[in-house]
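Colleague: The structure under discussion is supplied below as structure tokens; questions concerning it will follow.
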Amino acid sequence: MEKKRSGLPVERGGEKGRKKANRKPNPPARGKAKRLLRLSTVVTLPALPSLLRKLAQAEGRRKGFRVEQFKLTARDGTRLSAALYVPEGEGPFPALIMVHSWMFNRWQCHLYAPYFASSGYVVLAYDCRGWGSSGGQVYCADPDHELNDLEDAIDWLTERSGLPLKEGALGVTGISYGGGHSFLVAQRDPRVRTVVPMAGWTDLAASLAPGGSVKFFWGLLLVATATWATRLNPRNPLYRWVSTLLLGRGDRREFEEDMRKRSCLHLAGECGKPMLIVGSWNDDLFEPNQMMDFYSRLQAPKMLYISNGIHGLDAAVGPRWAGKEIWELTLRWFDYWLKGEENGILEEPAVRLYRPWKKQVEAEEEWPPPGIRNHTIYLGRDEGLFKLTSKPRGRREEAVLQPRLLTPANSGPSIVRPQAMGLFVPGPRREAGGGFFSFTTSPAKRDFELLGAPRLHLRVVPRDRRAQVNALLYDVPPDDQGLPRLITYGTATLEGVEPGKEMERVVELFAADYLLPRGHRFRLTLSGSNPTFVLPVPGKGLRVVYGEGLSYLELPLRER
């Protein structure tokens, strides 16, 4: 017997009834509310594109541009959903094509397109094949599919749109997947005047499997989020790559060719397109190394901007918050190359780097910056301890490095890097343990800035046909007051090697900007596995050869 009072069901029965009436909703009720919320979210998802379209049109009316929706037909007949932003006025207008990120669609570009449309640019964004409401299936920036589609979009915009476009004033930009497209189309289409790739790749093989080690968590995320885009076609190249990398099946040479034709680092010296390249220190999918390498090889007017966030995040938020400076610089870059505005951007320092130890962006004249020198330190044993020294120490020795699934010597969480949020990844206090051992310098006599990518030249003797070595560089505080702090890390997997045959392997660690204060020490920890980042390789491991200058570490340092 119940009656309603104040909206709550109350059971008669004195004190017992009042206690029941005052109880909070029980867990099943909260669970039901959560399920209802999830269901309502799923139900409203199909309406999201329509909502975003209406928001775009409303913003256009306020800021002086219109938004049109249409279907773009690719050369193979695939229908691609597209959005066109057209500014008010008679023109002629410079034009931009924006390519969205992996697992998103053209409406991601609504975060950025109005910023340019309201500044007098025609902007075209479209759903890449397989994504959004476009037809076909994803082939991951294949020259015969996605890059053909991008060129077809250029054809339509410049030849069939009927818009008054400024001749020779076309730019391309995008983040992540779109950044990769931007790099690739610059090598391919002469109609593109300039590009601004953000958080893109230049070497796809190194992005998915750096040093031959497979990025397990990133790989899982990329494949899982592409299930719709692949249409679950078992012959889709993504599944073939998974089979090759994880199971060792298929033609390895075919995989390498797939990677090469989707990469452009090897062609950087031949590219004459002006570029503003945007990356991030804490992007552990498309690390800053390959962007800096491409930048160094590029023979054209260029700028480099390295932020601090995780993969693509700083630019992805648009021309506000963390992305404000990036997009303002991008607008000025396009204004110079596409509008012909003499805004002085090429007279400014070409490199801008976020300094995590200062928590601010600072300019450098070039890359590598002035004052950076490679300091070589050698792995050896001195007075019974593993040391890193400026001169070779000790006789030749070997130490066994075996993989351990659980090891304190790891690079911490992948995808969402703690350093991007101002946190640090602690290292083991001990110099050696199960599956790892370390070499440490003497205390620094002055402040040193590590700026760039350290390179480890390691002599090893494999004990199996497959083996893995991971290098982690730490900052050790004076007198071990506190835990070591991870600076950077790298990995390499040896495949098909002859057990017992000595060889040299170069491990490039990921580029970083870090200040080592006076009195602190560098520590190089070698680990047989790094399961938070790459797929471990089971087996007997390898022997590391040190002493007599046989193994050494190059650190790009600048005195402060």
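The numbers in this note's numbering rise by one with no breaks, and the one at position 14 of the sequence shown is 104. Don't be surprised by glycine CBs; every beta carbon is placed ideally from N, CA and C.
1. Could you tell me the distance, in whole angstroms, from the CA atom of residue 523 to the CA atom of residue 562?
2. Give the straight-line distance between the Cα atoms of residue 305 and residue 181, rounded to the nearest whole angstrom.
3. So, with DSSP's three-state summary, where would you put residue 637?
4. Going by Cα to Cα distance, which pick from 544, 426, 559 and 435 is closest to residue 33?
5. Give the DSSP bridge partners of residue 603, in chain order.
6. Can you tell which of 234, 228, 152 and 239 has its C-alpha closest to the C-alpha of residue 164?
7. Across which residues does DSSP place residue 392 in a beta bridge pair?
8. Grab me the residues of residue 339's own chain with a C-beta within less than 6 angstroms of its C-beta, minus the 5 sequence neighbours each way, in chain order.
9. Answer with buried or exposed for residue 160, where buried requires no fewer than 16 other C-beta atoms within 10 angstroms of its C-beta.
10. Which same chain residues end up closer than 7 angstroms to residue 222 when comparing Cβ atoms and leaving out the 5 residues on each side of it in sequence?
11. Taking buried to mean at least 16 other C-beta atoms within 10 Å of its own C-beta, is residue 377 buried or exposed?
12. Report yes if the CB atom of residue 372 is closer than 7 angstroms to the CB atom of residue 509, and no otherwise.
13. Which word fits residue 634, buried or exposed, when buried means at least 16 other C-beta atoms lie within 10 angstroms of its C-beta?
14. Could you name the residues that DSSP lists as bridge partners for residue 560?
15. At 3 residues or longer, what runs of the beta strand (DSSP E) sit wholly inside the region 491 to 537?
16. What number of angstroms, rounded off, separates the C-alpha of residue 636 from the C-alpha of residue 350?
17. May I ask you to report which of helix, strand or coil DSSP gives residue 571?
18. Quick one: using the 10 Å Cβ neighbour count with 16 as the cut-off for buried, is residue 235 buried or exposed?
19. If you run the structure through DSSP and keep just helix, strand and coil, what is residue 565?
20. What are the boundary residues of the beta strand (DSSP E) that residue 472 is part of?
21. Count the other CB atoms within 10 Å of the CB of residue 480; is the residue buried (16 or more) or exposed (fewer)?
22. Alpha carbon to alpha carbon, how far is residue 575 from residue 430? Give it in angstroms, no decimals.
23. So the alpha helix (DSSP H) residue 248 belongs to, where does it begin and stop?
24. What does DSSP give as the partner residues of residue 177 in its beta bridges?
25. When you compare the CB positions of residue 662 and residue 169, do they come within less than 7 angstroms of one another, or not?
26. For residue 144, which three-state DSSP category applies?
27. Decide if residue 227 is buried, meaning its Cβ has at least 16 other Cβ atoms within 10 Å, or exposed.
28. CB-CB under 7 angstroms to residue 213, same chain, minus the five flanking residues each way: which ones, in chain order?
29. Three or more C-beta pairs closer than 8 angstroms, one from the region 393 to 412 and one from the region 320 to 333: is that the case here?
30. Leaving out the 5 sequence neighbours to the left and right, which residues in its chain are closer than 6 angstroms to residue 346 when beta-carbon positions are compared?
31. Provide the residue span of the alpha helix (DSSP H) that contains residue 416, from first to last.
32. Taking residue 294 as the reference, give the member of 555, 198, 215 and 381 with the closest Cα.
33. Measure the C-alpha to C-alpha separation of residue 279 and residue 244 and round it to an integer number of angstroms.
34. For the putative contact between residue 544 and residue 599, defined by C-beta atoms under 8 angstroms, what is the C-beta separation to the nearest angstrom?
35. Which ranges does the beta strand (DSSP E) cover as unbroken runs of at least 3 residues, wholly within the region 164 to 211, from first to last along the chain?
36. Would you call the region 455 to 469 in contact with the region 502 to 520, where contact means no fewer than 3 C-beta pairs closer than 8 angstroms?
Modeller: In brief:
1. Here the question's residue 523 lines up with position 433 in the sequence shown. Here the question's residue 562 lines up with position 472 in the sequence shown. Between residue 523 and residue 562, the alpha-carbon positions lie close to 14 angstroms from each other.
2. Counted from its first residue, the sequence shown places residue 305 at position 215. Counted from its first residue, the sequence shown places residue 181 at position 91. Here the C-alpha atom of residue 305 lies approximately 48 angstroms from the C-alpha atom of residue 181.
3. On the sequence shown, residue 637 is found 547 positions in, with the first residue counted as 1. In the structure shown, the three-state DSSP call for residue 637 is coil.
4. Given a span of 91 to 650 for the chain in the structure shown, any question on residue 33 remains unanswerable.
5. Position 513 of the sequence shown, counting from 1, holds the residue named residue 603. DSSP, once it has assigned bridges, lists 541 as partnering residue 603.
6. Locating residue 164 in the sequence shown gives position 74, counting from the first residue. Each of 234, 228, 152 and 239 was checked against the Cα of residue 164, and the nearest Cα belongs to 239.
7. What you label residue 392 is simply residue 302 of the sequence shown in a count that begins at 1. For residue 392, which the question treats as bridged, DSSP gives the partners 365.
8. Along the sequence shown, read from residue 1 onward, the residue named residue 339 stands at position 249. Excluding positions up to five away in sequence, the list reads 333.
9. Counting from one through the sequence shown, the residue named residue 160 turns up at place 70. That one is exposed.
10. To locate residue 222, count along the sequence shown from 1; it is residue 132. 171, 195 and 196, listed in sequence order.
11. Position 287 of the sequence shown, counted from the first residue, corresponds to residue 377. Buried.
12. As a working mapping, residue 372 is identified with position 282 in the sequence shown. As a working mapping, residue 509 is identified with position 419 in the sequence shown. In contact: residue 372 and residue 509 (Cβ atoms closer than 7 angstroms).
13. As a working note, residue 634 is residue 544 in the sequence shown. By the neighbour-count criterion, in which a residue is buried when 16 or more other Cβ atoms sit within 10 angstroms of its Cβ, residue 634 is buried.
14. Position 470 of the sequence shown holds residue 560. BP columns for residue 560 point to 581 and 617.
15. For the beta strand (DSSP E) assignment, the uninterrupted runs of no fewer than 3 residues enclosed by the region 491 to 537 are, from N- to C-terminal side, 526 to 530.
16. The residue you call residue 636 lines up with position 546 of the sequence shown. The residue you call residue 350 lines up with position 260 of the sequence shown. Just so you know, the alpha carbons of residue 636 and residue 350 end up roughly 35 angstroms apart.
17. On the sequence shown, residue 571 is found 481 positions in, with the first residue counted as 1. It is coil, neither helix nor strand.
18. Along the sequence shown, one-based indexing puts residue 235 at 145. With 16 or more other Cβ atoms inside 10 Å of its own Cβ, residue 235 counts as buried.
19. Translated into the one-based positions of the sequence shown, residue 565 becomes position 475. Residue state, collapsed to three classes: strand.
20. Within the sequence shown, numbered from 1, the residue matching residue 472 stands at position 382. Taken as a continuous stretch (DSSP letters only), the beta strand (DSSP E) holding residue 472 covers 463 to 472.
21. Here residue 480 corresponds to residue number 390 of the sequence shown, with the count starting at 1. Result: exposed.
22. To locate residue 430, count along the sequence shown from 1; it is residue 340. To locate residue 575, count along the sequence shown from 1; it is residue 485. Cα-Cα distance, rounded: 47 angstroms.
23. On the sequence shown, residue 248 is found 158 positions in, with the first residue counted as 1. Note, residue 248: premise wrong, no alpha helix (DSSP H); not H, not E.
24. Indexing the sequence shown from 1 puts residue 177 at position 87. According to DSSP, residue 177 shares a beta bridge with 155.
25. Beyond the ends of the chain as shown, which are 91 and 650, falls residue 662; an answer cannot be given.
26. Within the sequence shown, numbered from 1, the residue matching residue 144 stands at position 54. Helix, per DSSP.
27. Walking along the sequence shown from the start, residue 227 turns up at place 137. Under this definition residue 227 is a buried residue.
28. As a working mapping, residue 213 is identified with position 123 in the sequence shown. The residues are 175, 186, 188, 203, 206 and 207.
29. With the cut-off at 8 angstroms, the region 393 to 412 and the region 320 to 333 do not touch.
30. Looking up residue 346 in the sequence shown gives position 256. Closer than 6 angstroms at the Cβ level, and outside the excluded window around residue 346, lies no residue.
31. In the sequence shown, the residue the question calls residue 416 occupies position 326. First-last of the alpha helix (DSSP H) with residue 416: 414 to 424.
32. On the sequence shown, residue 294 is found 204 positions in, with the first residue counted as 1. With distances taken between Cα atoms, residue 294 lies closest to 381.
33. Position 189 of the sequence shown, counted from the start, is the residue given in the question as residue 279. Position 154 of the sequence shown, counted from the start, is the residue given in the question as residue 244. For residue 279 and residue 244, the distance between alpha carbons rounds to 9 angstroms.
34. Counting from 1 along the sequence shown, the entry for residue 544 is found at position 454. Counting from 1 along the sequence shown, the entry for residue 599 is found at position 509. Separation of the CB atoms of residue 544 and residue 599 is rounded to 4 angstroms, and the pair is thereby assigned contact status at 8 angstroms.
35. With a minimum length of 3 residues, the continuous beta strand (DSSP E) runs that stay inside the region 164 to 211 are 169 to 177 and 183 to 189.
36. Touching, no.
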